[in-house]
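According to this note's numbering, the first sequence is numbered sequentially starting from 326.
C-beta: ideal position from N, C-alpha, C; glycine also.
What follows is a set of notes on a single structure, which appears directly below.
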Amino acid sequence: MASLNPVRGTHDLLPEARRRHRHVEDTARAVAARYGFAEIATPIFEFTEVFARTLGDTSDVVTKEMYTFEDKGGERITLRPENTASVVRAFLSNGLQQQLPLKYFYNGPMFRYERPQKGRQRQFHQVGVELLGVAQPQGDVEVIATGAQILDQLGIAGDVELEINSLGDTASRDAYREKLVAYFEGHLSALSEESRERLTRNPLRILDSKDEGDRALVAEAPLMTDSLNADSRVFFDTVLEGLETAGVPYRLNPRLVRGLDYYCHTAFEFTTTTLGAQGAVIAGGRYDGLVQQMGGPPTPGVGWAAGIERLAMMAGDPPPPPRPIAVIPVGAEAQTAALGLAQRLRRAGFAVDMAYSGNMGKRMKRANRIEARAAVILGTDELARSAATLRDMDTGEQSEVPLTAIEDRLASFT
RNA sequence: GUGGCUGUAGCUCAGUUGGUUAGAGCACUAGAUUGUGGAUCUAGGGGUCGAGGGUUCAAAUCCCUUCAGCCACCCCA
């Protein structure tokens, strides 16, 4: 039994769960398309360097969460833990620098070696958008608005809040980091053990700490907002104004940081309190240095990724699949004719179910179980008259219909 | 990697201070109803009680180990 279980942190998506995922994907794709994002797909594994080089040597994703292995050719391969690095790699591989700006939507599985818990798995799924080649704050607004509209369309906007912050440009960020380190070094003894570790690896993340002692210190810590230089300040203000114009409500969170190294300026998260400890359902920001870091020309970028599992848990029931028509032969002689009729209806665009065995009672039961909209009953009596009995499974009304008129009559069922 | 909680039928759960062949509801199958579904009634199938070891005349129940799931920390979608 144990060996028949899926690998820890992975799950089968049986039809109902899969449909919920599809609903999220389809909604996101459709909304993104309205904003001009075209769907692309990158491989689910890349050379390890693609992620190792871009995500930052100190990030947890790189140091402990990557699924990395050596393939038979001796190449170091990593299952993608996120998709932004892959998209940027694809951008460079395909020589798309001449075609900026580019707007991409993606959808697919990501892999991180973590202990599973609510809203967190080892194989999980994301949709995301990336906008490449736009340095203007208008790009940030457009990207964020896309996310907001998806949440709205999924009917969960009321349970989600947009938190936003600016990390500033490199100069601002470095200046702030120095201030912050100096501040915390002055309170080293009050800092939690984990945060002391963070102080050397990634001091900004102390702002995120859940430790109570840390939080008290953080409350008094210098704010990122106060360290923004003039350019960064103007950029951020323009983004905020744009959000107001776009009708996207937000909350400033000066302690919002990013785990990955490549972010600058705008950082944002759409968060909820309905998913236990997992707050973020969509998270993203601006990454102007990433393309260059990967060896490309300086190219600005901004985007986000959304967790499909998390969104699917929040979203209501997806639209039901179309109800089938049940074709029910009565008697052995009717089998062949029924099969032919079923095929004819399927070619005409109807969803048709025909059971493989059973008498009429069984087949009616099955028709009921699969919530058939109508049953087309074909017996020797009807066949002799080139007709079939058409039964409305909701009202129980039925009537005999010439075989040639079945499509037309079925078309009136909804 | 660390911590807490939980493992009995496909699902949700009973199982009394250890005591014969481990139960219920739902679901499933068949019949009542051999050309008519949903409801009802009847019957049936389905369990190495997560696994391994120990204590005992006797273990689903007590002890140890292990595995898995869930939740939380770290971190993140």
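*Mind checking whether H336 and Q474 have CB atoms under 9 Å apart?*
no
Smallest Cα separation from A657: which of L417, G609 and D706? D706
Under the three-state reduction of DSSP, which class applies to Q463: helix, strand or coil? helix
**OP:** On a CA-only basis, which of P643, M718 and D533 is nearest G480? Give me that one, please.
**Re:** P643
Cutoff 8 Å; reference M326; Cβ partners in own chain excluding five residues on either side = Residue placement at M326 is flagged as unreliable, the pLDDT there being 34, under the threshold of 50; a coordinate-derived value is accordingly withheld.
| field | Secondary structure, beta strand (DSSP E): runs of 3+ residues fully inside the region 435–498 | value | 448–457 and 485–491
Practice task
Quick one: residues in its chain with C-beta nearer than 7 Å to the C-beta of S557, no 5 flanking neighbours on either side, listed in chain order?
Solution key: S491, G493, D494, S497 and H590
Q. In the DSSP assignment, what are the bridge partners of E700?
A. One point to set straight first is that residue 700 is Ala, not Glu, in the sequence displayed. Answer is A651 and R716.
| query | Thinking C-beta only, is A713 closer than 9 Å to E725? | reply | yes
Review point. Counting pairs of beta carbons, one from the region 654–668 and one from the region 497–514, are three or more of them closer than 8 Å?
Key: no
- Task: Taking only the alpha-carbon atoms, compute the straight-line gap between I650 and F675 and give it to the nearest angstrom.
- Result: 7 Å
(request) Report yes if the C-beta distance between R343 and P368 is below 9 Å; otherwise report no. (result) It is not a contact, given that the beta carbons lie outside the stated cut-off.
| said: Can you list, in chain order, the residues of its chain with a C-beta nearer than 6 Å to that of A546? Leave out the 5 residues immediately preceding and following it. | reply: Y508
Can you grab the Cα-Cα spacing for the pair I653 / H450, in whole Å? Each residue's Cα considered, the two are about 40 Å apart.
Could you compute how far the alpha carbon of V616 sits from the alpha carbon of N330? 40 Å
What does DSSP give as the partner residues of L577 in its beta bridges? I489
Practice problem: List the residues that DSSP assigns as beta-bridge partners of A605. | Solution: T596
**Item:** Length of the line joining the Cα atoms of A700 and R688
**Value:** 10 Å
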